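All remarks here apply to the structure that follows.
Number of protein chains: 4
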Amino acid sequence: MTDTADYPSDDFYPEPTQPSGWLTDEDLAVVRAQLPLVYVDAVPVRVDDSGDVVAVGLLLRVNTQGVMTRALVSGRVMYHERLRDALLRHIEKDLGPVALPQVPPSPQPFTVAEYFPTPGITAFHDPRQHAVSLAYVVPVTGDCRPQQNALDLAWLTPEEACADDVQAEMMNGQGMLLKQAMAHVGRLP
Amino acid sequence: MTDTADYPSDDFYPEPTQPSGWLTDEDLAVVRAQLPLVYVDAVPVRVDDSGDVVAVGLLLRVNTQGVMTRALVSGRVMYHERLRDALLRHIEKDLGPVALPQVPPSPQPFTVAEYFPTPGITAFHDPRQHAVSLAYVVPVTGDCRPQQNALDLAWLTPEEACADDVQAEMMNGQGMLLKQAMAHVGRLP
Amino acid sequence: MTDTADYPSDDFYPEPTQPSGWLTDEDLAVVRAQLPLVYVDAVPVRVDDSGDVVAVGLLLRVNTQGVMTRALVSGRVMYHERLRDALLRHIEKDLGPVALPQVPPSPQPFTVAEYFPTPGITAFHDPRQHAVSLAYVVPVTGDCRPQQNALDLAWLTPEEACADDVQAEMMNGQGMLLKQAMAHVGRLP
Amino acid sequence: MTDTADYPSDDFYPEPTQPSGWLTDEDLAVVRAQLPLVYVDAVPVRVDDSGDVVAVGLLLRVNTQGVMTRALVSGRVMYHERLRDALLRHIEKDLGPVALPQVPPSPQPFTVAEYFPTPGITAFHDPRQHAVSLAYVVPVTGDCRPQQNALDLAWLTPEEACADDVQAEMMNGQGMLLKQAMAHVGRLP
Chain A
0 MTDTADYPSD
10 DFYPEPTQPS
20 GWLTDEDLAV
30 VRAQLPLVYV
40 DAVPVRVDDS
50 GDVVAVGLLL
60 RVNTQGVMTR
70 ALVSGRVMYH
80 ERLRDALLRH
90 IEKDLGPVAL
100 PQVPPSPQPF
110 TVAEYFPTPG
120 ITAFHDPRQH
130 AVSLAYVVPV
140 TGDCRPQQNA
150 LDLAWLTPEE
160 ACADDVQAEM
170 MNGQGMLLKQ
180 AMAHVGRLP
Chain R
0 MTDTADYPSD
10 DFYPEPTQPS
20 GWLTDEDLAV
30 VRAQLPLVYV
40 DAVPVRVDDS
50 GDVVAVGLLL
60 RVNTQGVMTR
70 ALVSGRVMYH
80 ERLRDALLRH
90 IEKDLGPVAL
100 PQVPPSPQPF
110 TVAEYFPTPG
120 ITAFHDPRQH
130 AVSLAYVVPV
140 TGDCRPQQNA
150 LDLAWLTPEE
160 ACADDVQAEM
170 MNGQGMLLKQ
180 AMAHVGRLP
Chain X
0 MTDTADYPSD
10 DFYPEPTQPS
20 GWLTDEDLAV
30 VRAQLPLVYV
40 DAVPVRVDDS
50 GDVVAVGLLL
60 RVNTQGVMTR
70 ALVSGRVMYH
80 ERLRDALLRH
90 IEKDLGPVAL
100 PQVPPSPQPF
110 TVAEYFPTPG
120 ITAFHDPRQH
130 AVSLAYVVPV
140 TGDCRPQQNA
150 LDLAWLTPEE
160 ACADDVQAEM
170 MNGQGMLLKQ
180 AMAHVGRLP
Chain C
0 MTDTADYPSD
10 DFYPEPTQPS
20 GWLTDEDLAV
30 VRAQLPLVYV
40 DAVPVRVDDS
50 GDVVAVGLLL
60 RVNTQGVMTR
70 ALVSGRVMYH
80 ERLRDALLRH
90 IEKDLGPVAL
100 PQVPPSPQPF
110 TVAEYFPTPG
120 ITAFHDPRQH
130 AVSLAYVVPV
140 TGDCRPQQNA
150 LDLAWLTPEE
160 ACADDVQAEM
170 MNGQGMLLKQ
180 AMAHVGRLP
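Heads up: the sequence lines are chains A, R, X and C, in that order. Residue numbers for the first sequence follow numbering that gives the first Met the number 0, so the first one is 0 and each next one is one higher. Residue numbers for the second sequence follow numbering that gives the first Met the number 0, so the first one is 0 and each next one is one higher. Residue numbers for the third sequence follow numbering that gives the first Met the number 0, so the first one is 0 and each next one is one higher. Residue numbers for the fourth sequence follow numbering that gives the first Met the number 0, so the first one is 0 and each next one is one higher.
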């Protein structure tokens with residue numbers, strides 16, 4: 000759930016309801032110890048002509064401990080931002096501007112991942128915070144290029160993505176979330 | 000739930016598992032009095048860039064009593080046919096070959112419509128048969144043209160599609176199913 | 000989305016991960032202008048032996064303007080609280096300790112209501128804040144008694160609950176959410 | 000998907016719409032080669048006070064080859080029978096009359112299992128037929144006793160139920176369906 004540089008640019012929300020200032024990093028740190036944050040998780044997939052999932056896109060990153068990790072598209076929902084706009088923003092942030100995602104027409108997520116700062120309460124864990132993340136499978140049809148802090152974007156078959164070696168490279172329970180997504184689309188190996 | 004001409008052509012399923020003969024109309028009539036049939040209902044929609052539904056496609060037909068009716072895409076699932084293939088086949092049959100439907104990656108329908116030959120058991124009624132229909136919202140991005148027995152395909156806003164006058168033109172509870180679809184996508188007026 | 004007296008008692012979360020102090024009212028007011036808050040909405044229902052919904056429970060309250068309103072069970076998810084525990088807490092707070100709610104086994108909500116401080120962005124509006132609310136239908140089998148600031152709890156049929164006069168008494172889009180719940184359970188009139 | 004003795008007794012459906020005769024075994028055999036049949040699959044679970052799944056109930060049977068197998072509750076939907084009534088009937092048939100199942104208020108299944116007579120098209124396979132099965136997680140709160148052809152009903156933790164040895168005893172892809180159910184309730188190991 001990396002959301003470094005998670006803030007939209009200043010002119011992203013010109014609505015009059017925008018707060019005078021976004022949260023500073025210090026304010027966010029304080030809030031994170033007091034409230035659950037709203038997140039979205041997107042599982043980017045390639046589908047065939049009949050909508051059947053044929054591949055899953057995973058981001059390859061090096062985390063702060065220097066370890067290679069694989070990740071889903073994930074990030075915070077901003078104040079006054081719709082879930083579908085947050086999904087689009089994070090997908091564009093991670094997969095580039097021409098990924099052509101098909102955000103689902105319904106807001107019903109396939110599951111909700113509850114990331115707790117304490118391990119063991121759910122399958123999800125985030126040492127930084129308590130996050131409630133709405134998870135969606137999002138077909139992408141365009142050209143995807145890893146952005147920012149990602150080294151690569153790899154397309155794996157559902158079988159590969161659920162294999163132990165790949166699962167071991169996913170942090171905070173995202174491997175579980177990926178398996179839940181594959182179960183939802185009928186492609187759990 | 001008009002499925003006249005519902006049979007695929009003879010070469011549609013060349014699999015070895017295909018039964019030697021499809022059901023004749025007489026056989027189908029007999030079976031319809033003895034077993035629930037598997038159907039799919041598709042609600043064709045146009046979505047904006049963020050996946051939000053902006054229009055619903057309804058087929059305009061004249062029924063056997065000479066009355067103008069509006070209908071969703073609906074039809075039977077054939078022996079040895081996957082649900083997603085049945086969806087594609089019926090969408091192509093009703094909206095033409097270049098509708099470019101985005102069949103959802105998950106088989107989870109937004110609801111199941113139980114059409115009973117007896118009115119009043121559920122909101123759905125089909126005097127011909129007991130049908131269990133899995134219902135999906137299907138974004139279409141291509142050029143849609145009514146085929147076969149449909150006079151027209153009209154794109155209505157969710158508000159228009161749920162209005163009393165349009166609802167009155169929908170048969171067998173399909174108006175209800177349309178409203179359930181709009182509720183699912185967060186666009187019930 | 001009334002959540003007056005929304006805080007659990009001091010001994011509710013004795014975990015070591017609890018922050019040293021809950022948010023004060025002042026702190027919450029500040030945060031509300033900067034972050035979306037996580038909420039749950041529960042639609043309490045009575046079901047028959049086959050699980051079919053026969054009645055919906057609505058709370059009758061007088062709001063701060065002295066107007067009679069009807070409401071669903073709704074409230075904030077606290078830091079370090081699971082969604083299902085938040086559902087139970089708010090149901091107990093509003094329906095009493097012996098309502099015997101059947102919280103669904105899956106965290107998948109039937110929809111997500113996005114309450115915006117600005118009207119018109121979604122069907123949901125909350126002048127106080129941006130709230131992202133996960134909505135569940137929750138059968139209750141026990142004895143329900145309105146608590147705290149509610150005058151009464153009325154059990155209405157789905158038809159009555161969706162009627163214009165009742166809908167007019169529901170605030171912030173909760174009438175819409177109720178109709179979405181009825182659509183989900185196949186009981187939209 | 001054992002449905003031996005799957006027929007309700009003669010007085011089960013006294014409605015006037017009942018066909019003059021139920022399908023004989025010979026007729027059913029013919030139909031099975033021509034049409035997909037409608038099934039329901041129920042995953043019986045025990046839940047704790049907050050609705051979290053703590054155990055899964057699996058039926059222990061000896062199949063026609065003399066092999067011990069574990070199975071979910073599964074069976075055909077009859078003509079003129081509602082899905083929720085079919086669920087109740089099959090649960091009572093397999094778990095006894097005082098299992099006290101909580102059939103979900105919504106007809107939306109967590110997935111649809113497409114059992115094909117040809118292996119490999121989906122994860123589900125039934126050599127007898129093409130069945131389209133709507134799958135539900137059903138909490139049961141009463142006393143469950145295996146009926147008829149089952150030797151035992153075992154309550155396993157989600158971890159045990161998803162373990163390789165138990166999965167190997169489940170036929171036709173029901174092990175997969177069980178894992179999909181656990182993914183849906185957030186309890187996939």
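For glycine and all other residues, C-beta sits at the position ideal for the given N, C-alpha and C. Keep in mind the model is a prediction, meaning the values are calculated, not measured.
Distance, residue j Cα to residue i Cα
i, j, result
"residue 142 of chain A", "residue 135 of chain R", "27 Å"
"residue 43 of chain R", "residue 64 of chain X", "43 Å"
"residue 55 of chain X", "residue 153 of chain X", "8 Å"
"residue 20 of chain A", "residue 40 of chain A", "Any reading at residue 20 of chain A is ruled out, since the residue's pLDDT is 47, under 50, leaving its predicted position unreliable."
"residue 144 of chain R", "residue 173 of chain R", "21 Å"
"residue 115 of chain A", "residue 85 of chain X", "14 Å"
"residue 46 of chain R", "residue 171 of chain C", "38 Å"
"residue 166 of chain A", "residue 188 of chain C", "12 Å"
"residue 164 of chain R", "residue 149 of chain R", "19 Å"
"residue 117 of chain C", "residue 80 of chain R", "11 Å"
"residue 89 of chain C", "residue 151 of chain A", "50 Å"
"residue 91 of chain A", "residue 181 of chain C", "32 Å"
"residue 137 of chain X", "residue 140 of chain C", "16 Å"
"residue 175 of chain A", "residue 87 of chain A", "23 Å"
"residue 155 of chain X", "residue 186 of chain X", "12 Å"
"residue 23 of chain R", "residue 22 of chain C", "18 Å"
Exposure label - residue i; buried when at least 16 CB within 10 Å
i, result
"residue 113 of chain C", "buried"
"residue 119 of chain X", "exposed"
"residue 157 of chain C", "buried"
"residue 126 of chain A", "exposed"
"residue 34 of chain X", "buried"
"residue 133 of chain C", "buried"
"residue 107 of chain A", "buried"
"residue 196 of chain C", "What is shown of chain C runs 0 to 188, which leaves residue 196 of chain C out entirely."
"residue 162 of chain R", "exposed"
"residue 121 of chain A", "buried"
"residue 66 of chain A", "exposed"
Check: residue i C-beta below 7 Å from any heavy atom of the ligand SAM
i, result
"residue 126 of chain A", "Only the bare structure without any ligand can be found here, which leaves the ligand SAM out of the picture."
Beta-carbon proximity of residue i to residue j, cut-off 8 Å
i, j, result
"residue 52 of chain R", "residue 104 of chain A", "yes"
"residue 68 of chain C", "residue 168 of chain C", "yes"
"residue 111 of chain C", "residue 82 of chain R", "yes"
"residue 183 of chain A", "residue 109 of chain A", "yes"
"residue 61 of chain C", "residue 49 of chain X", "no"
"residue 71 of chain C", "residue 177 of chain C", "yes"
"residue 128 of chain C", "residue 31 of chain C", "yes"
Residues that residue i contacts on chain E, provided the C-beta gap is smaller than 7 Å
i, result
"residue 184 of chain C", "The question asks about chain E, but that chain is absent: this structure's protein chains are A, R, X and C."
TODO: Check whether the segment 97 to 104 of chain C touches the segment 76 to 95 of chain R, counting contact only when three or more Cβ pairs, one atom from each stretch, lie closer than 8 Å.
DONE: The answer is no - the segment 76 to 95 of chain R does not touch the segment 97 to 104 of chain C, with fewer than three Cβ pairs under 8 Å.
Task: chain X contacts made by the segment 104 to 115 of chain R, where a contact means CB separation under 7 Å - done: Flagged, chain order: 110.
Task: the segment 27 to 44 of chain A in contact with the segment 69 to 86 of chain A per 3-pair CB rule at 8 Å - done: yes
Open item on the list: Can you pull out the residues from the segment 36 to 66 of chain C whose beta carbon lies closer than 8 Å to at least one beta carbon of chain X?
Closed with: 44, 46, 48, 49, 50, 51, 52
Open item on the list: To be precise: take each residue of the segment 67 to 88 of chain C, compare its Cβ to all Cβ atoms of chain X, and keep it if any distance is under 9 Å. Which residues remain?
Closed with: Cβ proximity to chain X below 9 Å picks out 81, 83, 84, 86, 87 from the segment 67 to 88 of chain C.
- [ ] Output, in sequence order along the chain, the residues in the segment 129 to 156 of chain A whose CB is closer than 9 Å to any CB in chain C.
- [x] none
- [ ] Could you run through the segment 21 to 33 of chain X and flag, in chain order, every residue whose CB is less than 7 Å away from some CB of chain A?
- [x] 22, 30, 32, 33
- [ ] Please list the residues of the segment 87 to 101 of chain A that have a C-beta atom closer than 9 Å to any C-beta atom in chain X, keeping them in chain order.
- [x] none
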